[in-house]
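Just so we're aligned: 83 in UniProt numbering is position 83 of the sequence shown, and the numbers increase by one with no gaps anywhere.
We put the beta carbon where it would ideally sit given N, CA and C, even for glycine.
Below is one structure, written out as structure tokens; comments come after it.
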Amino acid sequence: MRFDDPQATEMSMFSLILFILVLHLVQVAYDGVQPVTATLLSLLMIVHVRMLDIFVAPLGAVGLSAGKVWQRGEFSRIFISPLYHVSDWHLLYCMVSFAMKARCIEPYFGKGLFFWLVAAYAVIVNALVIPLAYMAYGIFGDSTFISRHAFGITGIIFALKVLTTQLIIDGNARVFVWAEFIIANMLMPRTTALSRWLP
């Protein structure tokens, strides 16, 4: 799968099913699903199916690229790239994984603090990608580290995963969230947080 492939984000029947899933999440929000989680998942789906003209952009124009941010000053990519996903499966994984972590973290912190936590993680994780990409380029001499585009909320999910294992989950259950990370990297290479630093 290539991140710059415009075919990867065309609306499909799968996208429609995901949209219906998000609508269901919003409906259930009044019955117990956390409001910040439901709102974020809805926003991700709206962006993915390009329901609003403001979200219609080629992936190459919105993806996080260390070279484009640092050399060209395109800092908006730090804030925009988490909203875009490269495929239906990438979005589905992110939505399910985020919902699993947020289910216990949002009530733990409360909706206001949880919103700012997610927003801060989005900026911090993406900002860290830039110096790490340049360090990897310096060590390995491979320019793809600074030219590759990254998308989605996998970095946020990884940060929430660490937070979940440290604050909320006890004992052997901590192994599950790390097993999920490893399995996701094997099943969906180049769409998870680890791929941001690997060629």
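Inter-residue Cα distance where the pair is residue i and residue j
i	j	result
D53	Y121	27 Å
V118	A133	22 Å
M51	L41	14 Å
S195	T154	In this predicted model, S195 has a pLDDT of only 48, less than 50, meaning its place in the structure is not dependable enough to derive any value.
M45	A159	21 Å
V151	W70	With the sequence shown as reference, residue 151 is identified as Phe, and Val is not the correct amino acid for it. Between F151 and W70, the C-alpha separation is close to 17 Å.
T37	L92	14 Å
residue 216	A127	Any answer about residue 216 is impossible in this case: the structure gives the chain only from 1 up to 199.
G63	F79	10 Å
D88	R72	30 Å
I183	K68	30 Å
Y108	A99	14 Å
A179	Q166	16 Å
V162	I168	10 Å
F140	K111	42 Å
E74	S81	12 Å
H149	V175	30 Å
Exposure label - residue i; buried when at least 16 CB within 10 Å
i	result
G138	exposed
D142	exposed
Q34	buried
F114	buried
S135	A small correction: the amino acid at residue 135 is Met; Ser does not occupy that position in the sequence shown. With fewer than 16 Cβ atoms within 10 Å of its Cβ, M135 is classed as exposed.
I130	buried
T164	buried
A66	buried
S97	buried
I146	buried
S76	exposed
V125	buried
L43	exposed
V123	exposed
Terminal residues of the alpha helix (DSSP H) in which residue i lies
i	result
A57	Note, A57: premise wrong, no alpha helix (DSSP H); not H, not E.
V69	66-70
M51	No alpha helix (DSSP H) holds M51; DSSP gives it neither H nor E.
Could I get the ranges of all uninterrupted alpha helix (DSSP H) runs contained in the UniProt domain "Peptidase S54 rhomboid" (73-188), with 4 residues as the minimum, in chain order?
-> Complete alpha helix (DSSP H) runs here, min 4: 76-80, 88-109, 111-140, 144-147, 154-167, 174-187.
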